[in-house]
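First residue of the sequence shown: 17, per my numbering; consecutive thereafter.
A virtual CB, placed ideally from N, CA and C, is assigned to each residue, including glycine.
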Amino acid sequence: MILVTGAGGQLGQALQPVLAGRAVVYKTSAELDITDAEACRKLVADQGISLILNAAAYTKVDKAESEHDLAFAVNREGALNLARAAHETGAKVVHISTDYVFDGSLDRPYVETDLPNPQTVYGRSKLAGEDAVLEHAPAAAVLRTGWLYSGYGHNFMKTMLRLGVERESLNVVDDQTGTPTLADSLARAMVRIGDELLHGGEMRELFHYAGGGETTWCGFARAIMEQAALPCEIKAITTDEYPTAAVRPAYSVLDTTKLKSHFGLPINHWRDELTSCLTHLTK
């Protein structure tokens, strides 16, 4: 039996078609509060869970700056509770983390062995969650990702599509570089890795998963408008012109070489993934 936490979120919803036909317990954050250690332990034990796909997280990057305790409760304690529940039963864990564990000071894609240096409460809480899972789960894969989007939930692409209809022009930051990652593809990777863990993979490993290539938020926005045939003009601005509570990394591209070599997973260019996503949305 597989447990999907955070089933109502973007990634949780993306996992559902990938897992169609399999024995799965889906729990939204309202149905399973992962900060409740006893609830996690009881569910994993009572349902005979053999694999936990943890898509539950506190992801409000700016709000986390003023909600430190809540961010850590979900992203660190919640991850720890699931890992400890897994330890009691022997369940395997696939856990999601973020490119925001890095400070963005490099000028080449980050590899798994690069030293994390999170500059935000969100980033620090996610790094603490990584450590908890890798220390306590009997077997686990932690996948760092970033710039997640899809046809599900709330995300940058969907915001741009909405504003592209409403506005003639938009100002978008052009000095933060990363890689847009399609949640549907991340979901497929999670299941593929989870299956390997189920079939005897006793690893406790950290991997990077993101789309291929790189761009800025401005470049991503322009590609969305172009592919969606929206006339909205995207104007480039600097981070300084768009201040936020949390400081984003200037560069957070993730190197996916380790994941590709270990699992043989294909990584498609982010532009191709965007085309696929938009085509599916308009069907």
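Lys251 carries a strand assignment under DSSP once its states are collapsed to helix, strand and coil. Counting only runs of 4 or more residues that sit fully inside the region 133–158, the alpha helix (DSSP H) segments are 137–152, in chain order. Here Ser113 carries a strand assignment [DSSP, helix/strand/coil]. Membership of Val20 in the beta strand (DSSP E) is indicated by the continuous run 18–21. Bounds of any alpha helix (DSSP H) do not take in Asn70; it lies within the beta strand (DSSP E) bounded by 67–70.
Leaving aside the five residues that flank Glu146 on each side, the residues in its chain whose CB is nearer than 6 Å to its CB run, in chain order, Ser113, Val158. In the three-state DSSP reduction, Leu86 falls in the helix class (H, G or I).
Inter-residue distance for Asp271 and Tyr126 is about 5 Å (C-alpha atoms, whole angstroms). Under the three-state reduction of DSSP output, Glu93 falls in the helix class.
Each of Met241, Leu213, Ser201, Ser82 was checked against the Cα of Leu27, and the nearest Cα belongs to Ser201. Within the same chain, and ignoring the five residues on either side of Leu86 in sequence, the residues whose Cβ sits closer than 7 Å to its Cβ are Tyr74. Fewer than three pairs of CB atoms, one per stretch, sit closer than 8 Å, so the region 124–140 makes no contact with the region 170–177. Nearest to Ile240 by C-alpha distance, out of Gly37, Phe88, Lys43, Leu297, is Leu297.
The beta carbons of Leu198 and Gly227 sit closer together than 8 Å. Ranking Gln32, Arg57, Ile250, Lys58 by CA distance to the CA of Val181 puts Ile250 first.
In the three-state DSSP reduction, Arg220 falls in the strand class (E or B).
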